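2 protein chains.
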Amino acid sequence: MNPRRTNFRRLVRPAARQVSGARPAYTPGVPQEQPDNDHLHFWSFIDHAVSRATRELPGVDPLAMRLVLTLHRAANMLVYDLESTVHRPRGWSWPGFRVLFAVWLAGPVEAKKVAELSGMSRAAVSALVGTLERDGLVTKERAPHDGRAVHLGLTAAGMQAITSAFRSHNEREREWAGSLSADEQETLISLLGKLTAHSTHFEAKHRA
Amino acid sequence: MNPRRTNFRRLVRPAARQVSGARPAYTPGVPQEQPDNDHLHFWSFIDHAVSRATRELPGVDPLAMRLVLTLHRAANMLVYDLESTVHRPRGWSWPGFRVLFAVWLAGPVEAKKVAELSGMSRAAVSALVGTLERDGLVTKERAPHDGRAVHLGLTAAGMQAITSAFRSHNEREREWAGSLSADEQETLISLLGKLTAHSTHFEAKHRA
DNA sequence: AAGAGATGATCAAAGCTTTGATTAAGTGGC
DNA sequence: GCCACTTAATCAAAGCTTTGATCATCTCTT
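For the record, the sequence lines run as chains G and V. Note that our numbering has the first sequence beginning at 1, numbered continuously upward. Note that our numbering has the second sequence beginning at 1001, numbered continuously upward.
Structure below.
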């Protein structure tokens, strides 16, 4: 838990300093200390990764690799943008928003159902509901016919919060989607849908 | 931090218990305690969300909403599956794998570059490298020409780990990608690429 | 009626992530 | 040389997530 001052392998400071911007000279026969990766950037990362993996690791499926890298990156960027422009400025998180949204959609609803709908674990929902309740957005009541379950509902503040946040959220979604024509959006949605639908055909692990 | 026994609004236990499976009778004029959401499931969630939001919140862009929900869900399912079938069983995490992979790709490389390549914050990389170093997969050295920077490299164990994990990872990627034809995969990749590329045109927030 | 088993929620421990502060080191102006 | 500014990394606090354990409650079988 506490890495406490990692043990650097301290190097002797080189006698002659390089001029700013200069690169260490290449010495034939000796492995380069600092390989040339100045050309490697965020946007070229996937290309380099795929081509090097294909070259060095026989049997790799480059298209599948590229697909997953691209999908993961797109989702990450989207989440980062929405979370930092819409949700965090309001003092909430995207996960909190997702729970709030599920409760809004499903009315007074058991925590278990919220977990199923939002694709989270029950423990995660439990934790999120903890903070949402603390912040006065969600109410928790024991379920009438099942002493184990809790029913979740929105407070007035929660209703106000989800409505306002949702507008802002969708505004931002529209910006993202605006990169594509309506047809392209439909196509993308349909391909992604196919991907997730078929994930039930091989034993893809999913929640509960 | 410690929600400590949340304050349930304790309800009086109903006198007459319902038979298993029966639903509370509908009482006209009185709001239903438990709205009928039995038809709401993981797979119908997006449809319901879009249609209800469109109905109740004027001005919502349903296609953009559906796009983001679908993309987010696809990425989540993919990550969950890969993490739980490939990485966690080996004792590592996907984020750890991503750092390891970036180091493998970029050779001895500064932590800052790893953050840029993998799309993580420098603090996140710092934390991940902490555990990767503790587990003997990554080495950390002070950069020769810059006393602030650290150069990251793979240990023999790290090299072995990334190679083996990557094979397994790509095997799994192939299963996922197998839902789509090669053409469809290309299309999907290209649409996602367009989405991320265009995110620089509106002021999408991104890291560093 | 009673025990066995299933189920819903929560807790606990560990890890990852974020933002903002801090520390150390390099850069540039004078 | 000195001081302000910038930059790399790390720390700190808070929050989210995961798995597995625990507790309470419900259900089923006998």
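Beta carbons: idealized from backbone N, C-alpha and C, even for Gly. Note that this is a predicted model, so its numbers are computed, not measured.
Any C-beta of chain V under 7 Å from that of residue i
| i | result |
| --- | --- |
| G:R174 | yes |
| G:F45 | yes |
| G:S84 | yes |
| G:V138 | no |
| G:H39 | no |
| G:L195 | yes |
| G:E56 | no |
| G:H87 | no |
| G:S179 | yes |
| G:V60 | yes |
| G:K112 | no |
| G:L191 | yes |
| G:A204 | yes |
| G:A106 | yes |
| G:A165 | no |
| G:L188 | yes |
| G:F97 | no |
| G:L132 | no |
| G:A124 | no |
| G:L100 | no |
Outcome for residue i when other beta-carbon atoms lying within 10 angstroms are tallied against a minimum of 16
| i | result |
| --- | --- |
| G:R88 | exposed |
| G:F202 | exposed |
| G:W43 | exposed |
| V:E1056 | exposed |
| V:T1163 | exposed |
| G:G119 | buried |
| G:D146 | exposed |
| V:T1200 | exposed |
| G:R98 | buried |
| V:R1172 | buried |
| V:H1041 | exposed |
C-alpha distance - residue i paired with residue j, whole-angstrom precision
| i | j | result |
| --- | --- | --- |
| G:E175 | G:R167 | 13 Å |
| V:S1121 | V:W1092 | 19 Å |
| V:A1064 | G:A74 | 15 Å |
| V:Q1160 | G:A123 | 34 Å |
| G:E133 | V:A1182 | 47 Å |
| V:H1198 | V:A1053 | 26 Å |
| G:G96 | G:L78 | 17 Å |
| G:V103 | G:V150 | 12 Å |
| V:P1062 | G:H72 | 23 Å |
| V:E1184 | V:D1135 | 40 Å |
| G:L67 | V:G1059 | 33 Å |
| G:A212 | G:L137 | With chain G covering 1 to 208 only, the question about residue 212 of chain G has no answer from this structure. |
| V:T1187 | G:S190 | 11 Å |
| V:A1143 | G:H48 | 24 Å |
| G:A177 | G:V50 | 27 Å |
| V:L1105 | G:H39 | 12 Å |
| G:V86 | G:Y80 | 10 Å |
| V:L1180 | G:L69 | 16 Å |
| G:A165 | G:L100 | 10 Å |
Proximity test, residue i beta-carbon vs the ligand HEM heavy atom, cut-off 6 Å
| i | result |
| --- | --- |
| G:K194 | Of the ligands one can find in the structure shown there are none, so the ligand HEM has no counterpart to examine. |
Delimiting residues of the alpha helix (DSSP H) encompassing residue i
| i | result |
| --- | --- |
| V:A1149 | Careful: V:A1149 lies outside any alpha helix (DSSP H), inside the beta strand (DSSP E) at 1146–1154. |
| V:A1064 | 1062–1082 |
| G:L40 | From DSSP, G:L40 is part of no alpha helix (DSSP H); its letter is neither H nor E. |
| G:G130 | 122–134 |
| G:A204 | Element bounds for G:A204: n/a, residue is neither H nor E. |
| G:L188 | 182–198 |
Min CB distance residue i to chain G below 7 Å
| i | result |
| --- | --- |
| V:R1148 | no |
| V:S1121 | no |
| V:Q1185 | yes |
| V:T1155 | no |
| V:V1103 | no |
| V:H1198 | yes |
| V:V1068 | yes |
| V:M1159 | no |
| V:L1128 | no |
| V:A1074 | yes |
| V:D1081 | yes |
| V:A1115 | no |
| V:S1168 | no |
| V:L1152 | no |
| V:L1071 | yes |
Boundaries of the beta strand (DSSP E) in which residue i is found, first to last residue
| i | result |
| --- | --- |
| V:V1099 | Where V:V1099 is concerned, there is no enclosing beta strand (DSSP E), although the alpha helix (DSSP H) it sits in stretches over 1094–1106. |
Opposing strand residues paired with residue i [DSSP bridges]
| i | result |
| --- | --- |
| G:E215 | Since the first residue shown for chain G is 1 and the last is 208, residue 215 of chain G is missing from the structure and cannot be characterised. |
| G:E110 | G:H151 |
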